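All remarks here apply to the structure that follows.
Protein chains: 2
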Amino acid sequence: MFMRIDHIGIACHDLEAKIALFSDTFELTVVAREVNEEQGVREAMLHIADGEGGSSYIQLLEPLSPDTPVGKFLAKRGEGVHHVAFGVPDVAEAMERLAGKGVRLLDERPRHGSMGSEIAFAHPKDVGGMLTELVQAAGAPANVKTDRM
Amino acid sequence: MFMRIDHIGIACHDLEAKIALFSDTFELTVVAREVNEEQGVREAMLHIADGEGGSSYIQLLEPLSPDTPVGKFLAKRGEGVHHVAFGVPDVAEAMERLAGKGVRLLDERPRHGSMGSEIAFAHPKDVGGMLTELVQAAGAPANVKTDRM
Numbered sequence: 001m002f003m004r005i006d007h008i009g010i011a012c013h014d015l016e017a018k019i020a021l022f023s024d025t026f027e028l029t030v031v032a033r034e035v036n037e038e039q040g041v042r043e044a045m046l047h048i049a050d051g052e053g054g055s056s057y058i059q060l061l062e063p064l065s066p067d068t069p070v071g072k073f074l075a076k077r078g079e080g081v082h083h084v085a086f087g088v089p090d091v092a093e094a095m096e097r098l099a100g101k102g103v104r105l106l107d108e109r110p111r112h113g114s115m116g117s118e119i120a121f122a123h124p125k126d127v128g129g130m131l132t133e134l135v136q137a138a139g140a141p142a143n144v145k146t147d148r149m
Numbered sequence: 001m002f003m004r005i006d007h008i009g010i011a012c013h014d015l016e017a018k019i020a021l022f023s024d025t026f027e028l029t030v031v032a033r034e035v036n037e038e039q040g041v042r043e044a045m046l047h048i049a050d051g052e053g054g055s056s057y058i059q060l061l062e063p064l065s066p067d068t069p070v071g072k073f074l075a076k077r078g079e080g081v082h083h084v085a086f087g088v089p090d091v092a093e094a095m096e097r098l099a100g101k102g103v104r105l106l107d108e109r110p111r112h113g114s115m116g117s118e119i120a121f122a123h124p125k126d127v128g129g130m131l132t133e134l135v136q137a138a139g140a141p142a143n144v145k146t147d148r149m
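Taken in order, these protein sequences are the chains called A and B. Be aware that the first sequence starts at 1, since it is given in UniProt numbering, and climbs by one per residue. Be aware that the second sequence starts at 1, since it is given in UniProt numbering, and climbs by one per residue.
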């Protein structure tokens, strides 16, 4: 089902400060910056590695306001890992497969993620306490890569 | 500095139950089981993907007792992501490099990690609230791969 660890999503109070910290400390390069109004975040993707199943990143997330999911997470738990995302060839198919195993999904259908991806979240209580994101990368239609699933 | 996301370490109360959950839900295969007395954990590695920079895993961690670091984490925060590990070609060199940038390390020298690796932890407060592990895989001596760092 999973082709890669797509990214680690890290909640932070100050995106620019954390970009500077991670770029310098870990010698990582920012490959994308976006504002996702639907998810209530300002974000940046820092490239880690490439593999057969796609690329891996650190994603830094700053909430657009305190009443967003990431804003509430920060108020409750402070800065740190917010979610983990795994690459799948077809997010709709992965959602269906997980739902068939009794995993609750936080999305009824795929929504827009970073860098043109299609994503969906699974309920952390059904998967070991880890807020889990499914990511179908941009330009990764199911009919090309279904054999990997 | 980082060649891959090596693994996501997930703290849990019942290792066998979580192995069953993750194996079934995410269709992952357990590739190693270990008891690490030094770290006070019973653990399993579930394979996610391979890449040029090495392989990626989910690591499930059950504390050997409540007074271990993972036991205390569970009591305070419950099940979920405990740490994130990144692959490096030479853990001692990566430690030195991070220390030179003012990052506090939780280890003075590398210690034994999963599957014969050498590891060290960086203080979460110095790297965005994420407990960060450096991993030099078994059979990955610095003199072979220093050019990747």
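Glycine included, each C-beta is placed from N, C-alpha and C at the ideal position. Just so you know, these numbers come straight off a predicted model, no measurement behind them.
Three-state secondary structure (DSSP) of residue i
i	result
Phe-121/A	strand
Asp-14/B	coil
Glu-43/A	strand
Val-30/A	strand
Asp-24/B	helix
Asp-107/B	coil
Gly-9/A	strand
Val-144/A	In this prediction, Val-144/A has a pLDDT of 42, which is less than 50 and means its spatial position is unreliable; what the coordinates show is noted afterwards. Val-144/A falls in the helix class under three-state DSSP.
Met-149/A	For Met-149/A, the pLDDT reaches just 41, beneath the cut-off of 50, and the residue's location in the model is therefore unreliable, leaving the point undetermined.
Classification of residue i by the beta-carbon crowding that lies within 10 angstroms, buried from 16 upward
i	result
Lys-18/A	buried
Ser-65/A	exposed
Ala-85/A	buried
Gly-54/B	buried
Gly-87/B	buried
His-112/B	exposed
Ala-138/A	exposed
Gly-9/A	buried
Val-127/A	buried
Asp-90/A	buried
Val-70/A	buried
Gly-100/A	exposed
His-123/B	exposed
Thr-29/B	exposed
Val-35/A	exposed
Ala-75/A	exposed
Cutoff 8 Å: residue i Cβ touching any chain A Cβ
i	result
Val-31/B	no
Gly-40/B	no
Gly-80/B	yes
Ala-138/B	no
Leu-15/B	no
Met-45/B	no
Val-84/B	yes
Ile-5/B	yes
Ile-48/B	yes
Closer than 8 Å to chain B by CB, residue i
i	result
Ile-19/A	no
Pro-124/A	yes
Gly-9/A	no
Phe-26/A	yes
Val-127/A	yes
Phe-73/A	no
Val-144/A	Because the pLDDT at Val-144/A is just 42, under 50, the model does not fix this residue reliably, and the value given afterwards should be weighed accordingly. With 8 Å as the cut-off, Val-144/A does not count as an interface residue toward chain B.
query = For the stretch 44–102 of chain B, which segments carrying the beta strand (DSSP E) assignment without a break, of at least 3 residues, lie completely within its bounds, in sequence order?
reply = List check, beta strand (DSSP E) in window: 54–63 and 80–87.
query = If contact means a Cβ-Cβ distance below 8 Å, which residues of the stretch 91–122 of chain A contact chain B?
reply = Leu-98, Lys-101 and Val-103
request  = Check each residue of the stretch 51–70 of chain A: if its Cβ is closer than 8 Å to any Cβ of chain B, include it; give the result in chain order.
outcome  = Gly-51, Glu-52, Gly-53, Ser-56 and Leu-60
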